[in-house]
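Chemist:
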Amino acid sequence: MGPKTAQRLALHMLSASQENAVALADAIVHVKERIHNCPVCFNFTDTDLCSICADSHRDESLLCVVSDTRDLLAMERAAGFHGHYHVLQGLISPMDGIGPDSLRIAELLDRVRGGKIAEVILATNPTVEGDATATYIAGLLKPLGITVSRIALGLPVGGDLDYADDVTIARSLEGRREM
Ligand SMILES: [Zn+2]
């Protein structure tokens, strides 16, 4: 949370009724207790499985790999994507001491080996870390005999999915290319 958001929150608390202010404070305190990672895709959820994994209408053959829940929400908001997701919980970044073992890559391979997935779309940000992570994962997935693609078209280099507009994200998904 940045200073402006914190200030807005503080002003909201001051102008709210005592009852609402206590309810909001209570909700913030309990977020940590109620929210956990979905055991399948590692999205945040307050139910056993997240709502996306639990949705039987979604396409089980398509899996979109993102670095974090913010990017999942950006794809979900923008792209009209009806497959499933896998949240890596970060990107490979040797400078920060984050190697492949720090991410949910082993769990991703297990899901693909489960046999229902035909295509994995690597939707990590078009940054050095995002590209390196996508290339690394593609190298592990391709021997498993599935299609591996990477979103690309339209996203600014060095950009962040979370800040891209919805049309750009939708086009980047449509224009994905096989790796
Ligand atoms: Zn899930």
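Residue numbers (our numbering): 1154 to 1332. Where a beta carbon is used, it is the ideal one built from N, C-alpha and C, also for glycine. This structure is a prediction, so every number in the text was calculated from the model and none was measured.
1. Taking N1300 as the reference, which of L1275, R1230, D1284 has the closest Cα?
2. Please classify S1400: does DSSP put it in a helix, a strand, or coil?
3. In three-state DSSP terms, what is L1145?
4. Check whether the Cβ of C1194 lies closer than 6 angstroms to any heavy atom of ligand 1, and answer yes or no.
5. I'd like to check one pair, H1239 with R1211: are the Cβ atoms closer than 7 angstroms?
6. I'd like the list of long-range same chain contacts for S1220, defined as Cβ closer than 8 angstroms, with 5 residues on each side in sequence excluded.
7. Is the closest heavy atom of ligand 3 to the C-beta of C1203 under 6 angstroms?
8. Below 8 angstroms, can you find three or more Cβ-Cβ pairs linking the segment 1195-1214 to the segment 1223-1238?
9. Could you please give the first and the last residue of the uninterrupted beta strand (DSSP E) stretch that includes H1239?
10. Please identify the residue among R1223, N1196, L1164 whose C-alpha is closest to the C-alpha of R1257.
11. How would you label V1320, buried or exposed, when you count the other beta carbons within 10 angstroms and need 16 or more for buried?
12. Quick one: what's got a C-beta closer than 7 angstroms to R1187's C-beta in the same chain, skipping five residues either side?
13. Where R1223 and G1292 are concerned, what is the direct C-alpha to C-alpha distance, given to the nearest angstrom?
14. Since V1273 and V1265 are thought to touch, with beta carbons under 8 angstroms apart, how far apart are those beta carbons, to the nearest angstrom?
15. Looking at A1323: is its Cβ nearer than 7 angstroms to the Cβ of A1231?
Modeler: Short version:
1. For the sequence presented, residue 1300 should be read as Thr rather than Asn. T1300 has its Cα closest to that of L1275, out of L1275, R1230, D1284.
2. What is shown of the chain runs 1154 to 1332, which leaves residue 1400 out entirely.
3. The question about residue 1145 has no answer here: the residues shown for the chain are numbered 1154 through 1332.
4. yes
5. no
6. V1240, L1241, Q1242, G1243, L1244, T1277, N1278, G1283, T1286
7. The ligand content of the structure shown is limited to ligand 1, which means ligand 3 is not among them.
8. yes
9. 1237-1240
10. N1196
11. exposed
12. D1199
13. 25 angstroms
14. 7 angstroms
15. yes
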